[in-house]
Amino acid sequence: MMADFSRVRANDYAIFYVQTSKGKEGKFYGIYQIASDPFLKPDGYYLREKLWINLTFRVLSKPYEVFAKGASEWEALDDIIRYIGPYQMLCSLIYRKLKGNRGNTMLMPYEAERLFSLIRSKK
């Protein structure tokens, strides 16, 4: 996670997956732009009381394109009817399910564009 996170740079784009815990499926709701280089906050307990986890590796972000209706993980990964062949699937998104409920995955440019298009189609 730290190696992936250290490659993030200001002006890169990020897509956050919002995971739910009340029986609803999580979704990708939009595209954000990274507003700072990554930084370490070892003594900063940002959102610790709310999330019950330490977020020591940090980056600032700002909304780029955010929508009220999100694209589900199923639509992004498993809805293969949109693909001509398996080579078009978003393989980088078949990410590891981390027990810490946080992580990051770098996408290939074509994967990012496909996910951007899917999220934008949910306007």
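Numbering (my numbering), first residue to last: 357 to 479.
Beta carbons are placed, not taken as given, at the ideal position from N, Cα and C, and that holds for glycine.
Source: prediction; values computed, not measured.
The straight-line gap separating the alpha-carbon atoms of F372 and E381 is approximately 14 angstroms. Listed as beta-bridge partners of I390 by DSSP are S417.
Contact annotation: F472 and I387 have beta-carbon atoms nearer than 8 angstroms. The residue from R414, Q375 and T376 with its alpha-carbon nearest to that of V364 is R414. The three-state secondary structure of S362, taken from DSSP, is coil. Judged by DSSP in its simplified three-state form, L463 adopts coil rather than helix or strand. Cβ contact annotation for K479 (same chain, cutoff 6 angstroms, sequence separation greater than five): F423, in chain order. For T376 against K397, the beta-carbon gap comes to about 26 angstroms, at or over 8 angstroms, which does not count as contact.
If the five residues before and after Y420 are omitted, its C-beta is found closer than 6 angstroms to the C-beta atoms of I387, Y388 and Q389, all from its own chain and listed in chain order. The three-state reading of DSSP puts I371 in strand, counting E and B together.
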